[in-house]
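Residue numbers (full-length UniProt numbering): 1 to 115.
Just so it is clear, CB atoms sit at the ideal spot from N, CA and C, and this is done for glycine as well.
See below for the structure under consideration.
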């Protein structure tokens with residue numbers, strides 16, 4: 001179950017979803033977009049992938065699938081596991097959040113995983 005206290009510290013910029021993760025024309029995000037679109041995520045409904053990423057972090061909190069790493073002096077939260085897609089399937093995805101100057105963590109990428 002999602003803890004209402006957890007969500008406010010995770011930020012998901014709409015531009016990250018629409019212009020990157022769900023944008024077939026993006027040079028880096030294009031292959032990711034093909035993956036996410038194939039599971040029913042839709043660029044016109046970016047909040048679906050946002051909610052799926054939040055739910056993944058919540059479901060895996062306190063497990064080995066969620067870990068903190070420091071890269072180039074920046075603290076990141078890496079979550080690896082299934083996300084519930086709009087079509088009902090559960091693809092495995094690595095979602096990376098980066099600590100901001102405030103208490104919040106901002107989504108910086110999502111990467112399809114092979115099991």
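For residue 81, the enclosing beta strand (DSSP E) stretches over residues 74 to 82. With a 10 Å radius around the Cβ and a threshold of 16 neighbouring Cβ atoms, residue 101 comes out exposed. Counting only runs of at least 4 residues, the region 4 to 69 fully encloses the following alpha helix (DSSP H) elements, listed from N- to C-terminal order: 29 to 38, 46 to 60.
Relative to the Cα of residue 49, the nearest Cα in the group 104, 75, 91, 114 belongs to 91. In the three-state scheme derived from DSSP, where H, G and I count as helix and E and B as strand, residue 113 is classed as coil. In the structure shown, residue 98 adopts extended strand secondary structure according to DSSP, grouped into three states. Residue 95 is positioned such that its CB atom lies closer than 8 Å to that of residue 56.
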